[in-house]
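Visitor: Numbering (the numbering used here), first residue to last: 14 to 418.
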Amino acid sequence: MLRHILRKEILCSSVSKHNVPLATFLPMQNRNKSNTAAIQLPDSMQIIKPLPNTSPPAMLRIKTINKAMKAYLERSRNYNEFLKVKTDEYEIGRHHLANMMGVEVGTLTEDDIDKAIEYLMPSGLYEPKARPMMKHPRIMFPKEKAAQFDNDGRPFSPFFYTKTSNYTAALHDLVKQFHELDSFEDKMIAKGILEPPKEALLNLSGGEWKTIDEMKALFLENINEREYNFLVTTLTRLGNHPYSFRAKDEISKYRKEFDTISNLEDIPKLMTDENGRPYMEAEGKRMKCLAKAIVRGNGTGLVKINGHDIFYFPRILDREQIMYPLVFTGLLGEVDFEADVQGAGVKNQAGAIRLALALCLRSFVEPNVVEKMRLAGLLTWDKRRRARKLPGQKGARAKFTWKKR
14 MLRHILRKEI LCSSVSKHNV PLATFLPMQN RNKSNTAAIQ LPDSMQIIKP
64 LPNTSPPAML RIKTINKAMK AYLERSRNYN EFLKVKTDEY EIGRHHLANM
114 MGVEVGTLTE DDIDKAIEYL MPSGLYEPKA RPMMKHPRIM FPKEKAAQFD
164 NDGRPFSPFF YTKTSNYTAA LHDLVKQFHE LDSFEDKMIA KGILEPPKEA
214 LLNLSGGEWK TIDEMKALFL ENINEREYNF LVTTLTRLGN HPYSFRAKDE
264 ISKYRKEFDT ISNLEDIPKL MTDENGRPYM EAEGKRMKCL AKAIVRGNGT
314 GLVKINGHDI FYFPRILDRE QIMYPLVFTG LLGEVDFEAD VQGAGVKNQA
364 GAIRLALALC LRSFVEPNVV EKMRLAGLLT WDKRRRARKL PGQKGARAKF
414 TWKKR
């Protein structure tokens, strides 16, 4: 017994001298077995290697990678390799395009590439996405969401288990901004400033909130229509706060400003008739057709074209063209309009009436809606004309039937 105790003390002293954890040594359960059988370990067991004396005890733990982290690292590596291949192909095509256009590669910008593609491969396709294009792979392919947890599987964000951590964190920041603005307003009231200055209210005209697809790209998460509407409602309430200008940076992340703002001086003011009803007059034209329209407010949706109703136009496509400005501005059923049109062509008459109606509706809506109308093409005169017949051809584009003999 004394010999066994001395032998155990010698073993422990040697272990503490080399700073090796006792977990690496197996206790001898049977003294009659050989030393080789006593130190034999299973194949799946991990052995901790000796570490320096200065290492803390926590560093002796075996570091393993979480399965989710391992899967993410694998996807990230494949995505980076895919982007590298596509970037190399893009650079090769960029060099070839620069040689064809006779310019230096270093001076070839994205706008120059778009103009070169449009010049070399003209396309009459209406959908822009169907036309040939050449963009950088980081623009063409969507971004991947970064890892939301560490190697041990612990999430970084407290909103990780909501499945939309970035979206929820954004709402949390907006509510925090609400509390800060309310606190600032209370301080101003305590100082005797009951009415905030006009400069403190953020001007939201001249832009609009980002679409649901743009919000998905911003958050790198899939949000539904209900969540998008709730976010827009929260942002609108924050923008209407009396001191919302202090949260301008936070609000501007979710808005997109229009490139140019329409000149407000070009929009005529509403006139009033003898009955006190507001009205506006305008003219529109397309090809050889000229239309004069009068729009009256506080109406019921009455439509009169050359003394007839909307069925003056037999085709439904022409009727939809005329009513589209009312639907776009949300004034369908709230105003009455009369139109007198002259000229040949049913389609041309509908286009002239649509332009005259849209010009009248500018005075009934807000300036930001006018800018949307301009971007939608409702305020632009269609200057197209019928092309002349070319010599040697049947028409402007039609050719004579080719015959071999």
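Heads up, the beta-carbon is just placed ideally off N, CA and C, and yes, glycines get one too. It should be emphasised that the depicted structure is a prediction, and the values quoted were computed from it without experimental measurement.
For the ligand ADP, is there a heavy atom less than 8 Å away from the beta-carbon of I225?
Guide: Looking for the ligand ADP in the displayed structure turns up nothing, as the structure carries no ligands at all.
Visitor: Output yes or no for whether 9 Å exceeds the beta carbon distance between R399 and M300.
Guide: Along the sequence shown, one-based indexing puts residue 399 at 386. Along the sequence shown, one-based indexing puts residue 300 at 287. Yes, Cβ-Cβ distance for R399 and M300 is below 9 Å.
Visitor: Buried or exposed: N338, going by 16 or more other Cβ atoms within 10 Å of its Cβ?
Guide: Looking up residue 338 in the sequence shown gives position 325. Note that residue 338 is Pro in the sequence shown, not Asn. The residue is buried, with at least 16 neighbouring Cβ atoms inside 10 Å.
Visitor: Can you find the residues in the same chain that come closer than 6 Å, C-beta to C-beta, to N179, ignoring five residues on each side of it along the sequence?
Guide: Numbered from 1 along the sequence shown, position 166 holds the residue referred to as residue 179. Answer for N179: F232, E234, listed in chain order.
Visitor: Would you kindly work out how many angstroms separate the C-alpha atoms of Y267 and D195, rounded to a whole number?
Guide: Counting from 1 along the sequence shown, the entry for residue 267 is found at position 254. Counting from 1 along the sequence shown, the entry for residue 195 is found at position 182. So the two alpha carbons sit approximately 21 Å from each other.
Visitor: Could you check the C-alpha separation between V382 and W222 for me, to the nearest Å?
Guide: On the sequence shown, residue 382 is found 369 positions in, with the first residue counted as 1. On the sequence shown, residue 222 is found 209 positions in, with the first residue counted as 1. One C-alpha to the other measures close to 13 Å.
Visitor: Ignoring anything shorter than 3 residues or poking outside the segment 213–272, list the beta strand (DSSP E) runs there in chain order.
Guide: Runs found: 220–222, 268–270.
Visitor: Determine the direct distance from the alpha carbon of V116 to that of D331, and round the result to whole angstroms.
Guide: Along the sequence shown, read from residue 1 onward, the residue named residue 331 stands at position 318. Along the sequence shown, read from residue 1 onward, the residue named residue 116 stands at position 103. C-alpha separation (whole angstroms): 48 Å.
Visitor: Measure from the alpha carbon of A365 to the alpha carbon of each residue in A295, D349, Q406, then state which is nearest.
Guide: Working through the sequence shown from its first residue, we reach residue 365 at position 352. With distances taken between Cα atoms, A365 lies closest to A295.
Visitor: A411 by DSSP, collapsed to three states: which one?
Guide: In the sequence shown, the residue the question calls residue 411 occupies position 398. In this structure, A411 counts as coil in the three-state DSSP scheme.
Visitor: Could you give the DSSP three-state label for T2: helix, strand or coil?
Guide: Any answer about residue 2 is impossible in this case: the structure gives the chain only from 14 up to 418.
Visitor: Please report the residue range of the alpha helix (DSSP H) in which A365 lies.
Guide: Against the sequence shown, residue 365 aligns to sequence position 352. 359–374 is the span of the alpha helix (DSSP H), which, as asked, contains A365.
Visitor: If you count every other CB in all the chains shown that lies within 10 Å of the CB of G408, and 16 or more means buried, which is it?
Guide: On the sequence shown, position 395 is the one that residue 408 refers to. G408 comes out exposed.
Visitor: With 16 other CB atoms within 10 Å as the buried threshold, where does Y283 fall?
Guide: Within the sequence shown, the letter at position 270 stands for residue 283. At residue 283 the sequence reads Leu, which differs from the Tyr that was named. The residue is exposed, with fewer than 16 neighbouring Cβ atoms inside 10 Å.
Visitor: Mapping the DSSP letters down to three states, classify M41 as helix, strand or coil.
Guide: Position 28 of the sequence shown holds residue 41. Legend: pLDDT at M41 = 42, less than 50; position of this residue unreliable, value from coordinates given subsequently. Coil at M41, not helix or strand.
Visitor: Are there 16 or more other CB atoms within 10 angstroms of the CB of R367, so buried, or fewer, so exposed?
Guide: Reading the sequence shown from its first residue, position 354 is the one you call residue 367. Buried, by the Cβ-count rule.
Visitor: Can you tell me whether DSSP reads M147 as helix, strand or coil?
Guide: As a working mapping, residue 147 is identified with position 134 in the sequence shown. It is coil, neither helix nor strand.
Visitor: Could you round the C-beta distance between I264 and L251 to whole angstroms and report it? I think they count as a contact, below 8 Å.
Guide: Within the sequence shown, residue 264 is the residue found at index 251, counting from 1. Within the sequence shown, residue 251 is the residue found at index 238, counting from 1. About 6 Å separates the two Cβ atoms, so the contact holds.
Visitor: From this set, K269, C302, P155, G312, which residue's C-alpha is nearest L288's C-alpha?
Guide: Translated into the one-based positions of the sequence shown, residue 288 becomes position 275. At residue 288 the sequence reads Asn, which differs from the Leu that was named. When only C-alpha atoms are compared, the closest one is G312.
Visitor: So for D286, helix, strand or coil by DSSP?
Guide: Here the question's residue 286 lines up with position 273 in the sequence shown. Three-state result, D286: coil.
Visitor: Tell me, please, whether the segment 83–101 touches the segment 137–154 by the rule of three or more beta-carbon pairs shorter than 8 Å.
Guide: Because the criterion of three Cβ pairs below 8 Å is met, the segment 83–101 and the segment 137–154 touch.
Visitor: Quick check on I61: buried or exposed, where buried means 16 or more other Cβ atoms within 10 Å of its Cβ?
Guide: What you label residue 61 is simply residue 48 of the sequence shown in a count that begins at 1. Since pLDDT at I61 reaches only 43, below the 50 mark, its modelled position is unreliable, and no value is offered.
Visitor: Put M293 into one of helix, strand or coil per three-state DSSP.
Guide: On the sequence shown, residue 293 is found 280 positions in, with the first residue counted as 1. If DSSP states are grouped into helix, strand and coil, M293 belongs with the strands.
Visitor: Taking 9 Å as the threshold (C-beta atoms), are A369 and M386 in contact?
Guide: Looking up residue 386 in the sequence shown gives position 373. Looking up residue 369 in the sequence shown gives position 356. Taking 9 Å as the Cβ cut-off, M386 and A369 do not qualify as a contacting pair.
Visitor: Leaving aside the five residues before and after E87 along the sequence, list all residues of the same chain whose C-beta is less than 8 Å from its C-beta, in chain order.
Guide: Along the sequence shown, read from residue 1 onward, the residue named residue 87 stands at position 74. Hits under 8 Å: none found.
Visitor: Grab me the residues of F258's own chain with a C-beta within less than 8 Å of its C-beta, minus the 5 sequence neighbours each way, in chain order.
Guide: Reading the sequence shown from its first residue, position 245 is the one you call residue 258. If we look at F258 and ignore the five residues flanking it on each side, its Cβ neighbours are E212, A213, L214, L215.
Visitor: Sorted by chain position, which residues of the same chain lie with C-beta nearer than 8 Å to C373's C-beta, five sequence neighbours on each side aside?
Guide: As a working mapping, residue 373 is identified with position 360 in the sequence shown. If we look at C373 and ignore the five residues flanking it on each side, its Cβ neighbours are M293, E294, A295, A306, I307, V308, F350.
Visitor: Quick one: measure Cβ to Cβ for A260 and Q334, integer angstroms, because I've assumed they're closer than 8 Å.
Guide: Here residue 260 is taken as the residue at index 247 of the sequence shown, counted from 1. Here residue 334 is taken as the residue at index 321 of the sequence shown, counted from 1. Not a contact, Cβ separation roughly 42 Å.
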